[in-house]
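Trainee: Before anything else, here's the structure in question.
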Amino acid sequence: MFGGGEANPYDEVIAKATDENLTSENWEIILTLCHKVADEGQKDANSVVGALIKRLAHRNPNIQLYALSLAEALTKNLGIELHRELASKAFTQALEKIITDRTTHDKVKKRALQLVAECAERHFPRNNGRLVQ
Numbered sequence: 001m002f003g004g005g006e007a008n009p010y011d012e013v014i015a016k017a018t019d020e021n022l023t024s025e026n027w028e029i030i031l032t033l034c035h036k037v038a039d040e041g042q043k044d045a046n047s048v049v050g051a052l053i054k055r056l057a058h059r060n061p062n063i064q065l066y067a068l069s070l071a072e073a074l075t076k077n078l079g080i081e082l083h084r085e086l087a088s089k090a091f092t093q094a095l096e097k098i099i100t101d102r103t104t105h106d107k108v109k110k111r112a113l114q115l116v117a118e119c120a121e122r123h124f125p126r127n128n129g130r131l132v133q
């Protein structure tokens, strides 16, 4: 029940997709990951977001930036199951933490704010300054 639980099957692949030594996003891994999560559904959406939260909490700004790029790719390529997980309290708190932490690199803060704004606009489009109902 506490600790020693089941290992997250996405930790390794998300670590590869967000490796600090990458020089740019690894789109092969990202798209393969998107296809796998799409095939597996809700359980995998939960696991993928859990692994993503771990990478967002890393202190290395490159890892955080790649994790934010991965989150964006997941939102653009996957359905409601993943969107629910990204709207979860755990994920939004992870974003809030990196946005409000004064030690977070400015590029990471800006990228996180951009992701929040893009998701809000995609899911709550504006019509003459008001939310569409």
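When we follow the UniProt record's numbering, the leftmost residue of the sequence shown carries the number 1, and every step to the right adds one. Glycine included, C-beta positions come from ideal geometry on N, C-alpha and C. Since this is a predicted model, take the numbers as computed values, not measurements.
Can you tell me whether A57 is helix, strand or coil according to DSSP?
Mentor: Reduced to three states, the DSSP call for A57 is coil.
Trainee: Taking three-plus beta-carbon pairs below 8 Å as touching, is the region 82 to 90 in contact with the region 58 to 68?
Mentor: With a cut-off of 8 Å, the region 58 to 68 and the region 82 to 90 do not count as touching, because too few Cβ pairs lie within range.
Trainee: What whole-angstrom Cβ distance do L65 and V108 have, given they're in contact under 8 Å?
Mentor: L65 to V108, Cβ: 6 Å. Contact.
Trainee: Please return the same chain residues whose Cβ sits closer than 7 Å to the Cβ of I63, not counting the five positions on each side in sequence.
Mentor: If we look at I63 and ignore the five residues flanking it on each side, its Cβ neighbours are T18, E20, R55.
Trainee: Between the Cα of E12 and the Cα atoms of N46, A51, L95, which residue gives the shortest distance?
Mentor: The residue with the shortest Cα to Cα distance from E12 is A51.
Trainee: Give me, in chain order, the residues of the same chain whose beta-carbon lies closer than 7 Å to that of N8; leave out the 5 immediate sequence neighbours on both sides.
Mentor: S47, G50, A51, listed in sequence order.
Trainee: Please classify D39 as buried or exposed, where buried requires at least 16 neighbouring CB atoms within 10 angstroms.
Mentor: Classification for D39: exposed.
Trainee: How about C34 and L68: do their beta carbons lie closer than 8 Å?
Mentor: It is not a contact, given that the beta carbons lie outside the stated cut-off.
Trainee: For K43, which of E81, T103, N26, A112 has the nearest alpha-carbon?
Mentor: Cα-wise, what sits closest to K43 is E81.
Trainee: Taking DSSP as the reference, what is the three-state secondary structure of A45?
Mentor: Looking at A45 - three-state DSSP - the assignment turns out to be helix.
Trainee: Which of the three DSSP states is assigned to Y10 in this structure?
Mentor: Coil.
Trainee: Measure the CB-CB distance between L95 and A112 and report whether it falls below 8 Å.
Mentor: Result yes, Cβ atoms of L95 and A112 sit closer than 8 Å.
Trainee: Where does the unbroken alpha helix (DSSP H) through R84 begin, and where does it stop?
Mentor: Its alpha helix (DSSP H) spans residues 80 to 86.
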